[in-house]
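Residue 470, in the UniProt record's numbering, is where the sequence shown stops; the numbers in between run on with no holes.
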Amino acid sequence: MIPRLRRPGRPWSLRGSLLRSLLLVLAALQFLWLILLSIILEPASREALETGLGDLRVLWMVEQSVVRDPDGGVALRPTPDLERYLADSPGLEIAVRMEEDRRVLDGPSPRLEALLRRVEMTPTSDQSLSIPTPDGRGFRYGTLQYGRSPAGPFILIATGNRFHWGDVPSLLYALAQGFGALVGPGLVMSVLALLLILRSTVRPIRRIAEEAAGLNLDTLNQRLSTEGLPRELLPLVEAVNGCLRRLDEGVAQQRLFIANAAHEMRTPVTVLSARIERMPEGPDRSLLARDVRRLATMVEQMLAIARLGEMRGRRLATVDAVDLVRGLIADYAPLVVDAGCAIRLEAPDGPQTLRCDPKALESAVGNLIDNALKVEPAGGEICVRVSRGVTIEVGDHGPGFTAEGRRRAFEPFWRGSTDPGSGLGLAIVREIAQLHGGEAEIVERPGPGATVRLRLPSEGPPATGRVMLA
Numbered sequence: 001m002i003p004r005l006r007r008p009g010r011p012w013s014l015r016g017s018l019l020r021s022l023l024l025v026l027a028a029l030q031f032l033w034l035i036l037l038s039i040i041l042e043p044a045s046r047e048a049l050e051t052g053l054g055d056l057r058v059l060w061m062v063e064q065s066v067v068r069d070p071d072g073g074v075a076l077r078p079t080p081d082l083e084r085y086l087a088d089s090p091g092l093e094i095a096v097r098m099e100e101d102r103r104v105l106d107g108p109s110p111r112l113e114a115l116l117r118r119v120e121m122t123p124t125s126d127q128s129l130s131i132p133t134p135d136g137r138g139f140r141y142g143t144l145q146y147g148r149s150p151a152g153p154f155i156l157i158a159t160g161n162r163f164h165w166g167d168v169p170s171l172l173y174a175l176a177q178g179f180g181a182l183v184g185p186g187l188v189m190s191v192l193a194l195l196l197i198l199r200s201t202v203r204p205i206r207r208i209a210e211e212a213a214g215l216n217l218d219t220l221n222q223r224l225s226t227e228g229l230p231r232e233l234l235p236l237v238e239a240v241n242g243c244l245r246r247l248d249e250g251v252a253q254q255r256l257f258i259a260n261a262a263h264e265m266r267t268p269v270t271v272l273s274a275r276i277e278r279m280p281e282g283p284d285r286s287l288l289a290r291d292v293r294r295l296a297t298m299v300e301q302m303l304a305i306a307r308l309g310e311m312r313g314r315r316l317a318t319v320d321a322v323d324l325v326r327g328l329i330a331d332y333a334p335l336v337v338d339a340g341c342a343i344r345l346e347a348p349d350g351p352q353t354l355r356c357d358p359k360a361l362e363s364a365v366g367n368l369i370d371n372a373l374k375v376e377p378a379g380g381e382i383c384v385r386v387s388r389g390v391t392i393e394v395g396d397h398g399p400g401f402t403a404e405g406r407r408r409a410f411e412p413f414w415r416g417s418t419d420p421g422s423g424l425g426l427a428i429v430r431e432i433a434q435l436h437g438g439e440a441e442i443v444e445r446p447g448p449g450a451t452v453r454l455r456l457p458s459e460g461p462p463a464t465g466r467v468m469l470a
């Protein structure tokens, strides 16, 4: 392939490179074909070829040499270039006849001038002639050409010329003039055909790129399609699929490890909590109980993270959001009482059903209630509101979120300077909401405190969505 010229580090286009290479090859082949045609169509002799090619340059120099005198007459006054060319070509003979009055101009070849006076026709295009040699014993190749000068159009007859390397520019120019008429339409059609072919050729690459762009940590089980791919692309796509398979296996092992570790921690935490409950009342017991609750929350969050993305194609259940939230409030009631707070449920009459993974939704709402319980001041009241839609809001009267907090609250492991948590709760809530086709957001509200809203579609997640948490 023809080398590419591009800036270092700048991505290059495969389609553009192929198009440029093919066009250059096509143009070179067309040019060689024109030269071959000129050899085939001209008389089959070296003299004919050399004379014809050299006369192109002679005609251009003669066009600059035919001038009008101050008295109005026309004369052939060779330019320095023409004089040098005639000196370098001893056998070259030329004669010029003006088209307007058919007058033959005085020049370096009286013999050709006499011959030109006998030519009655006016050529409309360049023609080949057989001109008698000076000794009259044979003939040699000559040309009759039509030219234009500042003094008017004329006819040039030339013979005895030989090709010089200095004639190459004029040859290229002449071929280029005929190139457009002879080859131009075919070249345009060839370019259009090449564009269509290249577009069809790179279509599989674009399809693979679109498939790859849709991959993320939650879709590592998917593989790039190899259907309809050319053989040259199969090794690359198969290598990418192998990489995805290894990543999927590695992530699955990490999730399994985290899940096993969290399960192993559950029992010691439960035992520790039971032992603390048997301790006598006092400040130490309250502090230890609070710390154990935080530890238990972190264990549950570790389990939730381990299960994210594990559920593929899991069947969803139809759940009444009001009943689910009411059950969670009952579970958290002892903790709320111990914290010296209250919790209130606001919900419309009648069930608010949605299709979801119940365990996942319980985990999300439980995280919101747990976060509110951590910051609700003693004597305060946590409000849990279920609205039609389905929308679940949990509000507290704590310090609320700063501007940076509202912007970064859902980032994993981010927490405020006074937040004692792990920074995973809200990140898990948003992940659960998004996998159900919903969203989690912080609601602007007057006064102290914060409200986090969980919006879920009543019909469940999109067909391509995946829900997690067993």
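Glycine residues also receive a C-beta, built at the ideal position from the N, C-alpha and C atoms. Values in this document were obtained by computation on a predicted structure and should not be read as measured data.
Suppose you measure from the CA of L76 to the CA of A95; what does that come to, to the nearest Å?
9 Å
What would DSSP say about P108, mapped onto helix, strand or coil?
coil
Beta-carbon proximity of V62 to L82, cut-off 9 Å:
yes
Please report the straight-line C-alpha distance between R117 and L32, rounded to a whole angstrom.
39 Å
Looking at S200 and the ligand GDP, is the gap between the Cβ and the nearest heavy atom below 8 Å?
Although the ligand GDP was asked about, the structure shown includes no ligands whatsoever.
Under 9 Å, do I157 and L129 count as touching if we go by C-beta distance?
yes
G425 versus E264: straight-line alpha-carbon distance, rounded:
21 Å
Candidates P457, G250, R97, G400: closest to L354 by CA position
P457
In its own chain, which residues sit with a C-beta less than 6 Å from the C-beta of A347, not counting the 5 before and 5 after it?
V322, V386
Under 9 Å between C-beta atoms of L224 and V237:
yes
Does the beta-carbon distance from D126 to Y146 come in below 9 Å?
yes
Would you mind sorting L234 into buried or exposed? The rule is 16 or more other CB atoms within 10 Å of its CB.
exposed
Reduced DSSP secondary structure (H/G/I, E/B, other) of R20:
helix
Quick one, which of L23, C383, E444, N260 has its alpha-carbon nearest V191's?
L23
Hey, A440 and V452 are a contact pair by Cβ (cut 8 Å); roughly how many whole angstroms apart?
7 Å
Beta bridge counterpart(s) of G152 as assigned by DSSP:
S149
Using the Cβ count rule (16 or more neighbours within 10 Å means buried), how would you classify M302?
buried
Within the segment 62 to 104, ranges of the alpha helix (DSSP H) (whole runs, at least 4 residues):
80 to 88
Can you tell me which of the three DSSP states Q301 falls into?
helix
Length of the line joining the Cα atoms of R245 and G389
39 Å
Would you call the CB atoms of S89 and G160 closer than 9 Å?
yes
Going by the DSSP bridge assignment, what does R255 pair with across the sheet?
According to DSSP, R255 bridges with nothing at all.
Would you mind stating whether D370 and G380 have Cβ atoms separated by less than 9 Å?
no
From C383 to L295, what does the alpha carbon distance come to, in whole angstroms?
25 Å
Is L328 closer than 9 Å to D357 when the C-beta atoms are compared?
no
Can you list, in chain order, the residues of its chain with a C-beta nearer than 6 Å to that of L217? Leave out the 5 residues immediately preceding and following it.
none
In angstroms, rounded to a whole number, what distance separates the CA positions of L454 and E393?
6 Å
Every unbroken alpha helix (DSSP H) within the segment 309 to 390, with a cutoff of 4 residues, ordered by chain
321 to 338, 358 to 375
Considering Cα atoms alone, identify which of G400, L345, E300, I205 is closest to N367.
E300
DSSP three-state call for L215: helix, strand or coil?
coil
V375: which of T391, K359, G398 sits nearest, CA to CA?
G398
Straight-line gap, F401 to T297 (C-alpha atoms, nearest Å)
21 Å
Between V443, A151, Q222, L196, which has its C-alpha nearest D71's C-alpha?
A151
Around the Cβ of C243, are there at least 16 other Cβ atoms within 10 angstroms (buried) or fewer (exposed)?
exposed
I'd like to check one pair, V365 with R325: are the Cβ atoms closer than 9 Å?
A quick correction: the sequence has Val, not Arg, at residue 325. Cβ distance < 9 Å, so V325 and V365 count as in contact.
Considering only their Cβ atoms, is the gap separating P134 from E99 smaller than 9 Å?
no
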